[in-house]
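Below is one structure, written out as structure tokens; the observations come after it.
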Amino acid sequence: MVNQTMQQLGSSPSVIRELFAYGLQQAKVLGPENVFDYTLGNPSIPAPAAVNQAICEILKDTDSIAVHGYSMAGGFDATRQAIADNLNRRFGTSIQARNLFITCGAAPALISAIKALATAPDSEIMAVAPYFPEYKPFVEKNGAKFVVIPADRQQFQINLAEVEARITANTQAIIINSPNNPSGVVYTEETLKKLAEILTAKGQEFGHPIYIIADEPYRELVYGGVKVPFIPTIYDNTIVCYSWSKSLSLPGERIGYVCVPDTCADAADVLNAVAGASRANGHVCAPTLMQKVIERCVDEMPDLAAYDENRTLLYDSLTAMGYRCAKPDGAFYLFVEAPNGDGRAFSQKAKTEHNLLVVPGEEFECEGYMRLSYCVSNAMIRRSLPAFQAMIDSYRK
Ligand code: PLP
Numbered sequence: 067m068v069n070q071t072m073q074q075l076g077s078s079p080s081v082i083r084e085l086f087a088y089g090l091q092q093a094k095v096l097g098p099e100n101v102f103d104y105t106l107g108n109p110s111i112p113a114p115a116a117v118n119q120a121i122c123e124i125l126k127d128t129d130s131i132a133v134h135g136y137s138m139a140g141g142f143d144a145t146r147q148a149i150a151d152n153l154n155r156r157f158g159t160s161i162q163a164r165n166l167f168i169t170c171g172a173a174p175a176l177i178s179a180i181k182a183l184a185t186a187p188d189s190e191i192m193a194v195a196p197y198f199p200e201y202k203p204f205v206e207k208n209g210a211k212f213v214v215i216p217a218d219r220q221q222f223q224i225n226l227a228e229v230e231a232r233i234t235a236n237t238q239a240i241i242i243n244s245p246n247n248p249s250g251v252v253y254t255e256e257t258l259k260k261l262a263e264i265l266t267a268k269g270q271e272f273g274h275p276i277y278i279i280a281d282e283p284y285r286e287l288v289y290g291g292v293k294v295p296f297i298p299t300i301y302d303n304t305i306v307c308y309s310w311s312k313s314l315s316l317p318g319e320r321i322g323y324v325c326v327p328d329t330c331a332d333a334a335d336v337l338n339a340v341a342g343a344s345r346a347n348g349h350v351c352a353p354t355l356m357q358k359v360i361e362r363c364v365d366e367m368p369d370l371a372a373y374d375e376n377r378t379l380l381y382d383s384l385t386a387m388g389y390r391c392a393k394p395d396g397a398f399y400l401f402v403e404a405p406n407g408d409g410r411a412f413s414q415k416a417k418t419e420h421n422l423l424v425v426p427g428e429e430f431e432c433e434g435y436m437r438l439s440y441c442v443s444n445a446m447i448r449r450s451l452p453a454f455q456a457m458i459d460s461y462r463k
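The number in my numbering is simply the position in the sequence shown, starting from 1, with 66 added.
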């Protein structure tokens, strides 16, 4: 016998992964130039040259045993200090090395934060639709109930009335992801301030803090000078989960952190609980080499020109054809209305008739849309445009 819940979770790949696998299969049969794969959020710009240079220098200059050895569970002091200095320079905060716990990316950071706050079987953790689909298993398989805030379909900001209505005495936290996967929207300071007011009032009413878990792997991926508010400066009880998977194009290297500033209620306890939750999940330490790379490269910023060019090409081309979508300010996703209001049907038809692979909005609990990841080659976007045209034409007949 095995654990049935885990067996089920492990044997039902996400729709995103299924579409991606289908694309690989079709590429073998038809040639990669005839498959238009917009499924995965796998960065398509190279890591900055400084990162590769740092890797080479560290391997050359550092004792080989040390560079491949364990670090402390929470990470090297020097790495944590470099991250704290970077945050304080940019956001005027007073974060210290001890406020940071270095993780193997944002996913384990989120799981540790969630598990740290799942205090009882009826603990509730909220997420705002459309949301990253892994939040659901992260929450449900780590001891809490998953509560969804329905999407604000006008602006894709946060549906604040729904947040207020759905908070209960069991609400422990709300996960906020900005810039957002899948909408590309950046939550405004005004939205976040109003959210903070609601959480403060509800926290007082129920006699315990309601935390924001700020999931920020796309923080640095913004266009046209848009500012991403740093949520701990707006709401004290904020736990930040960060990753360099997207900002430095390092998803396979597995490096990120949880930050619990001192301004957070019960900060020391929360940090200890994050460390304990990580330990319970088998975390030993984040990769030593990558910690040393981040220490040197924490100020590196991605060159977003290629993503920006893709964003404009895809947005301009699709809207000219008659597709409707908001121009995203961040991340590398376009969230487009399905012409017939059925994202699943559109995705299926596009796949079977044109080898055009798009993820139905239903996967993000926002029906009637589809997500296009534009971290792809500009040439693929150009080749795919006739397929998008044929699709919208077919709905007009
Ligand atoms: N959160 C969001 C919103 C994501 O889109 C992703 C990855 O796509 C993650 C978290 C996980 O990132 P990581 O690779 O750092 O675990």
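Just so you know, even glycine gets a beta-carbon here, dropped at the ideal spot from N, CA and C. Fair warning: this is a prediction, and the values are worked out from it, not measured in the lab.
Judged by DSSP secondary structure, V133 falls outside any beta strand (DSSP E) and instead within the alpha helix (DSSP H) spanning S130 to V133.
Close CB contacts of E429 within its chain, under the 6 Å cut and outside five residues either way in sequence, are with V81 and P199 (chain order).
Within the chosen limit of 6 Å, the ligand PLP does not reach the beta carbon of S315 with any heavy atom. Going by C-alpha positions, Y399 is about 6 Å away from Y440.
A453 is positioned such that its CB atom lies no closer than 7 Å to that of V324.
Beyond the five residues adjoining it in sequence on each side, K358 comes within less than 6 Å, by CB distance, of I124 in the same chain, given in chain order.
Cβ neighbours of G89 within its own chain (closer than 6 Å, five residues either side excluded): V101, D103 and L423. In the three-state reduction of the DSSP assignment, G322 falls in the strand class, which pools E and B.
Contact check between the stretch 442-450 and the stretch 213-227: fewer than three CB pairs, one atom from each, fall below 8 Å, which does not count as touching. The three-state secondary structure of N69, taken from DSSP, is coil. Screening all residues for a C-beta within a distance smaller than 6 Å of any heavy atom in the ligand PLP leaves G107, G171, A172, A173, F198, N243, N247, D281, P283, S309, S311, P317 and G322, in chain order.
In this structure, DSSP gives Q147 a helical state, which the three-state scheme calls helix.
Taking one beta carbon from each stretch, the stretch 371-380 and the stretch 160-171 have fewer than 3 pairs nearer than 8 Å; the two do not touch.
By the CB criterion at 7 Å, I278 and I242 fall inside the cutoff.
Taking all protein chains shown into account, Q414 has fewer than 16 neighbouring C-beta atoms within 10 Å of its C-beta and is therefore exposed. For D281, there is no enclosing alpha helix (DSSP H); the enclosing beta strand (DSSP E) covers residues Y277 to D281. Counting along the chain, no beta strand (DSSP E) covers I180; the unbroken alpha helix (DSSP H) around it starts and ends at A172 to L183. Non-local beta-carbon contacts of F86 in its own chain, meaning distances under 6 Å to residues more than five positions away in sequence, involve T105 and L106 in chain order. Less than 7 Å separates the beta-carbon of C351 from that of S137. Scanning its chain for C-beta atoms nearer than 7 Å, with the 5 sequence neighbours on each side dropped, one finds around K260 the residues L226, in chain order. Of the candidates P98, Y461, F222 and T169, the residue whose Cα lies closest to the Cα of P353 is T169. For L96, there is no enclosing beta strand (DSSP E); the enclosing alpha helix (DSSP H) has its first and last residue at V81 to L96. With a beta-carbon spacing of about 6 Å, I458 and P405 fall inside the 8 Å limit used to define contacts. Less than 7 Å divides the Cβ of R437 from the Cβ of P248. In the structure shown, E255 falls within a helical segment according to DSSP collapsed to helix, strand and coil. S315 is a Cβ neighbour of P109, given a cutoff of 7 Å. Spatial neighbours of G135 in its own chain (CB-CB distance under 7 Å, excluding positions within 5 residues in sequence) are listed in chain order as T354. As for any alpha helix (DSSP H) of minimum length 4 sitting wholly inside the stretch 386-445, the runs are 409-420, ordered along the chain. The residues P394, D395, G396, A397, Y399, L400 and F401, in chain order, have a CB closer than 7 Å to that of G250 in the same chain once the five nearest residues on each side in sequence are set aside. Residues N165, I305, A333, V336, L337 and V340 of the same chain have their beta carbon placed closer than 7 Å to that of V326, with the five preceding and five following residues left out of the count.
Here L75 is exposed, its C-beta having fewer than 16 other C-beta atoms within 10 Å. Per the C-alpha coordinates, the member of G158, A239, K207 and A210 positioned closest to V194 is A239. For F204, the enclosing alpha helix (DSSP H) stretches over residues Y201 to E206.
For the set C363, Y253 and G427, the Cα lying nearest the Cα of S313 is the one of C363.
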